[in-house]
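Numbered according to mature numbering (1 follows the signal peptide of the UniProt record, and there is no 0), the sequence shown spans residues -21 to -1, 1 to 398.
Heads up: the structure comes next, in C-alpha cells.
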Amino acid sequence: MGVSTAVCVLLLNAVFISTLAEKHSLFYIYSALNKDLDLPGIYEFTALGLLDDREIDYYNSKEQKKIPKQSWMMEKMQEDYWEKGTQSRKSKEQWFKVNVEILMQRMNHSNTDLHVLQWRHGCEIDESNGEVKFLNGIDQYSYDGSDFLSFDNSHRVWVAPVQAAEPTKRKWDGVSILNQYTQGYLEKECVDWLTKFMEYGKETLRNHSPPDVHAFAKKSIQDPKKVSLTCLATGFYPKDVDLSVRKFGTSIPEHLITTSGIRPNDDGTYQLRKSVEINGDDPADYDCCLTHSSLTEPVMKKWVKNINYVELALIGGAAGGVMVILLILLGVVLTVLIKKRMDGDSSSDGSSRTSEDRMDSTILLLHTAHPNGTETGVSDSDSGRGSDSPQGSDENILKKSEGNYSSGSLSNIIPLPVH
C-alpha cells in the first residue's frame, strides 16, 4: 500500500465512520406568496414532503390535491390517506393566505411587491446498529427569505430573531400545551412516521449509489498564469460524502477551497465539486480523495496535468441537477421581472372579504393560531381515527378533548403542534 493510499485510508477511518451511520430525515416545507404571479410552475401556495431529501408528496394551490411522488407511497398509502391529506393542505393554504397578509401589515409592506412566508418542520434520526436515535427536530418560519420564528426544542420555547415576531412568540409560548405537543411531534411522532416511511420505501431509499470522481482543470478567470483545479464527485446517494483536494497526498486546507456544496442531480443522486487555484506550472502531484457509504475503500483520482480544460463528458452526470438549478434561477428572474412590471398596479388583494373576515384574520399570528390545526368542520375526519390508513406526519391534529384553543377565525382553527 502506497503512502497516498494509506493517508486516504486513514481518512476513511477518521471520517467515513460517521458516514456509515444511517442518518435519515423527514421534512415538510410550505411556501406561500402574497399573490398569484400567473407564471408556469410558480404557485401562490405549495407544500411538499421530503424523506431523505427525496420528494414523497406534493400539493399546490392550482390543482389543490395532495399527490404521491414515489411509487411506493402510492402503493402503501390508501386513498383515504390522500383525501384527508388534501383537506389538511387546503386548510393550511387558507392559514398561510391570511398570515401573509398579517405579516405584510405588521411590516408595513405593500401588496404591489412580492412577499413569501415559508414553514419548514421535521426531524432527523440515526439508525445505526438497527436502533433509532433522535438527532434533531426543526420547526421554523421565514418571511421574505429571512428567519422569522423557530422552535427551540431543547427549552421548549419559540425564538424570535426579529422584533416583528415577538407578538407571535409571546402568544404561542403562552399556550404551554402547544409547545409540549410541538416537542412531542418532533421527538416522537415525526420519528415514528420517518421510520414507517423508511420501511415502506426501503428498497428504493436504502439503495446506495457510488460516486463517479473526476479531476480536471481550466484556466483561471482572475489570473491567466493560474488554473482552477476541480474535484467533481457525482451520481452518489445518500448525500453524505467526504471529498478533499490533495497536494502530495495532503489535504489542502478548506479555507483555500471553493465548494459548490452538495447539490441534487435529476435522478435522485447528488453531486459535489471542490476547486482550488494553483500555478499553471506547479510541479506538485494533485489528486482527489473521496469516501462514501457505498464504497468499501476510498476512491483516489489523480489529476492528469495535460488536461487543462473541462471536458463536457465529465460533467454529463451532473448536468441534470445543474439544469434544475438554472430553471429555478430562471423562475426567480422571471418573478422579479413580473413583480417590477406589476409595480404600481392598483390591485386590492382580498377586497371581497367581509369586515368580519378581516377582523378575524388579524387574530391569527397576533394570538395563538398555528398552521397545524384544521377547520373544526373537518377535524374528525382529518384526525384519521377509525381508519386503517395512517394520516401522515404532517396532517394529524389533536383531539378536541385535549384542549380547546380556538383562535376564533377560519372556522376556529385549532393551534396544534402536530402536523
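Note that the Cβ used here is the ideal one computed from N, Cα and C, for glycine as well.
A quick note: this is a predicted structure, and the numbers were derived from the prediction, not measured.
Proximal residues to residue i (C-beta, below 6 Å), its chain only, five neighbours per side dropped
{"i": "D105", "result": "A(-1), K2, K112, L114"}
{"i": "L30", "result": "L5, F176"}
{"i": "I241", "result": "K218, Y249, L251"}
{"i": "L27", "result": "I8, E34, Y37"}
{"i": "E103", "result": "S4, L114, N115"}
{"i": "R148", "result": "It should be pointed out that residue 148 corresponds to Lys in this sequence rather than to Arg. Counting only Cβ-Cβ distances below 6 Å, and skipping sequence neighbours, we find W137, A139."}
{"i": "L211", "result": "H193, R252"}
{"i": "T65", "result": "K44, K45"}
Contacting residues, own chain, Cβ-Cβ under 7 Å from residue i (five flanking each side not counted)
{"i": "N383", "result": "For N383, the predicted structure reports a pLDDT of 31, less than 50, and the residue's modelled location is therefore unreliable. A value from the coordinates is still provided. Contacts found: none."}
{"i": "K55", "result": "Y179"}
{"i": "Y22", "result": "N39, S40, K41"}
{"i": "P189", "result": "F215, H271, S273, L274"}
{"i": "E72", "result": "F24, S40"}
{"i": "L171", "result": "Position check: residue 171 holds Asp in this sequence, whereas Leu was assumed. Around D171: no qualifying Cβ."}
Where residue i sits in the DSSP three-state scheme
{"i": "E290", "result": "Confidence is the limiting factor: at E290 the pLDDT is only 44, short of 50, which leaves the residue's position unreliable and the question unanswerable from this model."}
{"i": "I21", "result": "strand"}
{"i": "F127", "result": "strand"}
{"i": "R135", "result": "coil"}
{"i": "R149", "result": "helix"}
{"i": "S155", "result": "helix"}
{"i": "D245", "result": "coil"}
{"i": "H88", "result": "coil"}
{"i": "H94", "result": "coil"}
{"i": "I257", "result": "strand"}
{"i": "L211", "result": "strand"}
{"i": "M52", "result": "helix"}
{"i": "A143", "result": "helix"}
{"i": "F227", "result": "coil"}
{"i": "I81", "result": "helix"}
{"i": "E1", "result": "coil"}
{"i": "L344", "result": "The predicted position of L344 is uncertain, since its pLDDT is 48 and thus under 50; no value can be drawn from it."}
{"i": "K45", "result": "coil"}
{"i": "R185", "result": "coil"}
{"i": "G295", "result": "Per-residue confidence for G295 stands at a pLDDT of 47, beneath the threshold of 50, marking its modelled position as unreliable; no derived number is given."}
{"i": "V170", "result": "helix"}
{"i": "L29", "result": "strand"}
{"i": "D202", "result": "coil"}
{"i": "D59", "result": "helix"}
{"i": "E72", "result": "helix"}
{"i": "E178", "result": "helix"}
{"i": "E273", "result": "According to the sequence displayed, residue 273 carries Ser and not Glu. Of the three classes helix, strand and coil, the one that applies to S273 here is coil, per DSSP."}
{"i": "N108", "result": "helix"}
{"i": "L16", "result": "coil"}
Buried or exposed by the 16-neighbour rule on C-beta atoms within 10 Å, applied to residue i
{"i": "T248", "result": "buried"}
{"i": "G124", "result": "exposed"}
{"i": "V255", "result": "buried"}
{"i": "F215", "result": "buried"}
{"i": "N78", "result": "buried"}
{"i": "R68", "result": "buried"}
{"i": "T161", "result": "buried"}
{"i": "S70", "result": "buried"}
{"i": "N244", "result": "buried"}
{"i": "M52", "result": "buried"}
{"i": "P47", "result": "buried"}
{"i": "E233", "result": "exposed"}
Nearest-angstrom beta carbon gap, residue j and residue i [assumed within contact, 8 Å]
{"i": "E206", "j": "S199", "result": "The amino acid at residue 206 is misidentified as Glu; the sequence shows Val. Confirmed, about 6 Å."}
{"i": "D202", "j": "T270", "result": "Not quite, the Cβ-Cβ distance comes to about 32 Å (not below 8 Å), so this is no contact."}
{"i": "N258", "j": "K204", "result": "7 Å"}
{"i": "N13", "j": "L93", "result": "7 Å"}
Contact check, residue i vs residue j, beta carbons under 8 Å
{"i": "I117", "j": "R135", "result": "no"}
{"i": "F127", "j": "A144", "result": "yes"}
{"i": "C169", "j": "G101", "result": "yes"}
{"i": "K45", "j": "D32", "result": "no"}
{"i": "Q49", "j": "T183", "result": "yes"}
{"i": "Q84", "j": "Y120", "result": "no"}
{"i": "S10", "j": "V95", "result": "yes"}
{"i": "N132", "j": "L165", "result": "yes"}
{"i": "L82", "j": "Y122", "result": "yes"}
{"i": "T229", "j": "K253", "result": "no"}
Cutoff 8 Å; reference residue i; Cβ partners in own chain excluding five residues on either side
{"i": "Y265", "result": "A194, L208, V224, R225, K226, I257, K281, W282"}
{"i": "N158", "result": "F130, R135, V136, W137, W151, D152, P396"}
{"i": "K319", "result": "With a pLDDT of only 49 at K319, under 50, the local geometry of the prediction cannot be trusted, and the value read off the model is given with reservation. Excluding residues within five positions, none has a Cβ falling inside 8 Å."}
{"i": "I236", "result": "V224, K253, S254, V255"}
{"i": "V141", "result": "S125, D126, F127"}
{"i": "I231", "result": "S223, V224, R225, V255"}
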